[in-house]
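S.K.: Quick one: the structure is below, and I'll ask about it shortly.
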């Protein structure tokens, strides 16, 4: 158990809908990362927050947004969902950010299926 | 754009032997690199990282080597065990603080 929690574990929704994925980092970790893993795109980095501020941005679509709250939990919002958004979404946390490096701890992931 | 590629998509090694997984990257300005392991049905697991001001970094049974001259990264696993069977990804932190992943190498340990 990494100490990172993600909810929900599974999510099935229809095209055009909006969903919110939630992540709680390990106690003491200030950084939260979001990753997407799909069969055709592989593992992709989406975005990183550090203590409430966006610090790094990957190939995150404009339909996707994220935020980190004062209690350090993070939410990833996916809107106008398309079939291609079906994937595993992982959250990870670390003490520092990409600029400092250091071990990232991954959550169990949320499997999103868009039908 | 940046790209991270792996030389071999699959690698089979005998239990107890050393494994070497290779990764090529394209952005000479990348300053930070990470190796991840992903076992079947599980999420990624951070293994080790290295900054571009280093050539080598060691962890427990793992060593990462960085050759900036040829833009090559390798992960060495000593005394490979069945539990090391997984897909290994390298990632580079390139411009604009983005992380780019390779496609992965599947390591199979033969008992």
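Protein chains in written order, with my numbering: chain A, 1 to 115; chain B, 1001 to 1111.
Glycine included, C-beta positions come from ideal geometry on N, C-alpha and C.
Does residue 1104/B come within less than 8 Å of chain A when only Cβ atoms are used?
M.R.: At least one C-beta of chain A is nearer than 8 Å to the C-beta of residue 1104/B.
S.K.: Can you pull the chain B neighbours of residue 56/A, defined as C-beta to C-beta under 9 Å?
M.R.: 1093, 1096, 1097, 1098, 1099
S.K.: Please go through the same chain and pick out, in chain order, the residues whose beta-carbon is closer than 6 Å to the beta-carbon of residue 65/A, but skip the five residues on each side of it.
M.R.: 77
S.K.: From the DSSP output, read off the bridge partner residues of residue 1131/B.
M.R.: Missing from the structure shown is residue 1131/B; chain B here goes from 1001 to 1111 and no further.
S.K.: Can the beta-carbon of residue 106/A be found less than 8 Å from the beta-carbon of residue 32/A?
M.R.: No; because the gap between Cβ atoms is not below 8 Å, this pair is not in contact.
S.K.: Taking DSSP as the reference, what is the three-state secondary structure of residue 1097/B?
M.R.: helix
S.K.: Quick one: Cα of residue 1047/B to Cα of residue 63/A, how far?
M.R.: Roughly 32 Å separates the two Cα atoms.
S.K.: Got a sec, what are the start and stop residues for the beta strand (DSSP E) residue 55/A sits in?
M.R.: 53–57
S.K.: Restricting to Cα atoms, I'd like to know which of 1029/B, 1025/B, 1050/B is closest to residue 100/A.
M.R.: 1050/B
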